[in-house]
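Participant:
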Amino acid sequence: MTQVLDFVPIWTLILGMAVFFYVLLDGFDLGVGMLFGFAPDTASRNTIMNSIAPIWDGNETWLVFGGLGLLAAFPLAFAIIIPATYFPILAMLLALVFRGVAFEFRFRDGERKTFWDHAFSYGSGIATFAQGVVLGSFIQGYEVTGRAFSGSSFSFLTPFSILTGIALLFGYGLLGAGWLILKTEGDIQSAARRHGRVCLVAVLVAIAIVSIWTPLTNLAVADRWFAWPKTLLLAPVPIATAAVAIVTWRALGNSQAQVMPFAGAILLFVLSYSGIAISLYPMIVPHHFTLWEAASSDRTQAFLLVGTLVLIPVILMYSSWSYWVFRGKVRADIGYH
Numbered sequence: 000m001t002q003v004l005d006f007v008p009i010w011t012l013i014l015g016m017a018v019f020f021y022v023l024l025d026g027f028d029l030g031v032g033m034l035f036g037f038a039p040d041t042a043s044r045n046t047i048m049n050s051i052a053p054i055w056d057g058n059e060t061w062l063v064f065g066g067l068g069l070l071a072a073f074p075l076a077f078a079i080i081i082p083a084t085y086f087p088i089l090a091m092l093l094a095l096v097f098r099g100v101a102f103e104f105r106f107r108d109g110e111r112k113t114f115w116d117h118a119f120s121y122g123s124g125i126a127t128f129a130q131g132v133v134l135g136s137f138i139q140g141y142e143v144t145g146r147a148f149s150g151s152s153f154s155f156l157t158p159f160s161i162l163t164g165i166a167l168l169f170g171y172g173l174l175g176a177g178w179l180i181l182k183t184e185g186d187i188q189s190a191a192r193r194h195g196r197v198c199l200v201a202v203l204v205a206i207a208i209v210s211i212w213t214p215l216t217n218l219a220v221a222d223r224w225f226a227w228p229k230t231l232l233l234a235p236v237p238i239a240t241a242a243v244a245i246v247t248w249r250a251l252g253n254s255q256a257q258v259m260p261f262a263g264a265i266l267l268f269v270l271s272y273s274g275i276a277i278s279l280y281p282m283i284v285p286h287h288f289t290l291w292e293a294a295s296s297d298r299t300q301a302f303l304l305v306g307t308l309v310l311i312p313v314i315l316m317y318s319s320w321s322y323w324v325f326r327g328k329v330r331a332d333i334g335y336h
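Start counting the sequence shown at 0; every next residue gets the next number (numbering that gives the first Met the number 0).
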């Protein structure tokens with residue numbers, strides 16, 4: 000009996016969606032956590048905290064979903080990527096745990112509230128930087144012998160991965176600033192606009208550096224972007240990135256623009272995410288294994304798909320409902336207690 004349905008593109012779409020939703024949703028609340036450290040007083044910090052209190056932990060659902068999906072659908076990729084990035088993933092998870100503890104304790108332990116405030120902000124920054132390092136090491140690729148990672152425990156630590164780690168700090172900061180503009184008013188919103196402009200400039204510089212660095216170090220990526228007529232076909236991506244950047248910059252400086260700063264930040268992430276996908280597809284272990292080579296058996300993917308297609312609508316429904324219920328502006332005197 001021949002197989003009619005190829006499950007690999009379906010699982011690629013599912014995992015791609017899970018990763019993007021995590022980057023977007025947990026990205027803005029990690030960004031808010033970093034900007035939280037710049038708040039001048041307790042009232043401002045309470046307002047900032049209340050802007051993400053109802054939804055921040057639900058955002059991390061996509062991290063769990065993505066990790067388990069990778070293990071189940073592409074076990075070979077999981078077996079290579081996790082050992083290659085063990086330390087930054089460990090740092091990320093510990094930072095997320097410590098951040099969650101700090102979030103709860105700042106409302107319960109009034110005597111050490113300042114300590115927990117710093118813990119929340121630094122935890123957000125460490126988790127973000129670690130994610131950026133994982134991304135950078137993934138883009139560069141791993142040392143693989145046969146079907147196993149053969150590099151050292153610190154192979155992930157390269158100038159490129161450090162650059163992507165720093166870049167993601169500003170990227171999440173831009174998302175966080177957009178969220179605060181959307182959810183707050185007055186001085187907090189004004190400060191978010193200033194922080195957003197700084198982050199936007201840094202993000203654009205990072206995008207330019209990565210866009211030059213990656214093709215220079217990999218001929219396959221260079222051919223994909225710069226060989227004619229591929230250049231013409233892919234030109235809309237950098238053109239759209241420049242256009243979105245201009246619109247977002249103007250929106251950040253316009254006190255009447257409430258939604259566009261956040262929407263612009265999202266679009267920049269969409270375009271950057273698309274650029275990475277264009278550069279690496281169909282590789283899931285860059286420069287070594289394609290999606291099809293790393294996939295689990297057809298029966299495994301089919302079995303898992305049944306439960307996944309039930310689970311995804313549930314996650315989307317309760318996530319959408321929480322955002323809908325807690326829509327609108329926040330105030331320091333109304334929120335998490």
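All C-beta atoms in this analysis are idealised placements derived from N, C-alpha and C, irrespective of residue type, glycine included.
Bear in mind the structure is a predicted one, so any value in this text is a computation, not a measurement.
(1) Under a Cβ-count criterion, where at least 16 other Cβ atoms within 10 Å of its own Cβ denotes burial, should A276 be classed as buried or exposed?
(2) For the beta strand (DSSP E) containing I283, name the first residue and the last one.
(3) Let me know the beta strand (DSSP E) ranges lying completely inside the region 137-195, each 3 residues or longer, listed in chain order.
(4) Have a look at I283 and L69 and give me their C-alpha separation to the nearest angstrom.
(5) With DSSP as the reference, label F325 as helix, strand or coil.
(6) Compute the Euclidean distance between the alpha carbons of F37 and L93, then round it to the nearest angstrom.
(7) To the nearest whole angstrom, what separates the beta carbons of Y363 and G65, a pair I think is in contact under 8 Å?
(8) Buried or exposed: where does T183 fall if 16 or more other Cβ atoms within 10 Å of its Cβ makes it buried?
(9) Of all the options G177, V246, K328 and A301, which has the alpha carbon lying nearest to the alpha carbon of G30?
(10) If I'm right that A72 touches Q300 with Cβ under 8 Å, what's the distance once you round it to whole angstroms?
(11) Between the Cα of W323 and those of A42, P53 and L14, spot the shortest distance and give me the residue it belongs to.
(12) In terms of alpha-carbon separation, which member of A239, M316, F225 and F153 lies closest to L203?
(13) Pull the bridge partners of G288 from the DSSP assignment, please.
(14) Whose CA, out of M33, L4, I245 and D40, lies closest to the CA of T127?
(15) Is the region 163-177 in contact with the region 130-145, if contact means three or more CB pairs nearer than 8 Å?
(16) So for Q300, helix, strand or coil by DSSP?
(17) Can you tell me which of F104, I180 and A234 puts its alpha carbon nearest to the alpha carbon of M259?
(18) Looking only at its own chain, which residues have a Cβ that is under 7 Å from the Cβ of L62, when we skip the five neighbours before and after it?
(19) Of all the alpha helix (DSSP H) runs that stay within the bounds of the region 61-138, which reach a length of 4 or more residues?
(20) Suppose you measure from the CA of L267 to the CA of L304; what does that come to, to the nearest Å?
(21) At which residues does the alpha helix (DSSP H) containing A276 begin and terminate?
(22) Give the straight-line distance between the Cα atoms of A242 and Q188, rounded to the nearest whole angstrom.
(23) Where does S43 fall in DSSP's three states?
(24) Write down the C-beta distance between P158 and S295 rounded to the nearest angstrom, noting that I regard them as a contact closer than 8 Å.
(25) Just to confirm the assignment, what range does the alpha helix (DSSP H) spanning P237 have?
(26) Q139: which of S160, A147, D297 and P312 sits nearest, CA to CA?
(27) To the nearest whole angstrom, what separates the beta carbons of R192 and G263, a pair I think is in contact under 8 Å?
(28) Based on Cα-Cα distance, which residue from E103, H286 and G195 lies nearest to F27?
(29) At the level of alpha carbons, what is the spacing between W291 and V220?
(30) From what residue to what residue does the alpha helix (DSSP H) around A221 run?
(31) Rounded to whole angstroms, what's the CA-CA distance from P312 to S318? Just pull it up for me.
(32) Do the CB positions of S149 and E142 come within less than 7 Å of each other?
(33) In whole angstroms, give me the CA-to-CA distance for L409 and F288.
Facilitator: Judging by the given coordinates:
(1) Per the 10 Å Cβ criterion, exposed.
(2) Where I283 is concerned, the enclosing beta strand (DSSP E) starts and stops at M282 to V284.
(3) none
(4) 10 Å
(5) The answer is coil: DSSP assigns F325 none of H, G, I, E or B.
(6) 23 Å
(7) For the chain, the structure presents residues 0 to 336; residue 363 sits outside this window and is missing.
(8) The residue is buried, with at least 16 neighbouring Cβ atoms inside 10 Å.
(9) G177
(10) 6 Å
(11) P53
(12) Looking at A239, M316, F225 and F153, the one whose alpha-carbon comes closest to that of L203 is A239.
(13) Sequence check: residue 288 is Phe here, not Gly. Per DSSP, V284.
(14) M33
(15) The way I'd put it, the region 163-177 does touch the region 130-145; three or more beta-carbon pairs between them come closer than 8 Å.
(16) Of the three classes helix, strand and coil, the one that applies to Q300 here is helix, per DSSP.
(17) I180
(18) Answer for L62: Y21 and D25, listed in chain order.
(19) 74-83 and 85-107
(20) 31 Å
(21) M259 to L279
(22) 24 Å
(23) helix
(24) P158 to S295, Cβ: 35 Å. No contact.
(25) P235 to L251
(26) S160
(27) Rounded to the nearest angstrom, the Cβ distance from R192 to G263 is 12 Å, too far for a contact under 8 Å.
(28) G195
(29) W291 and V220 have their C-alpha atoms roughly 20 Å apart.
(30) L218 to F225
(31) Going by the C-alpha atoms only, they are around 10 Å apart.
(32) yes
(33) Nothing can be reported for residue 409: it is not among the residues displayed for the chain, which extend from 0 to 336.
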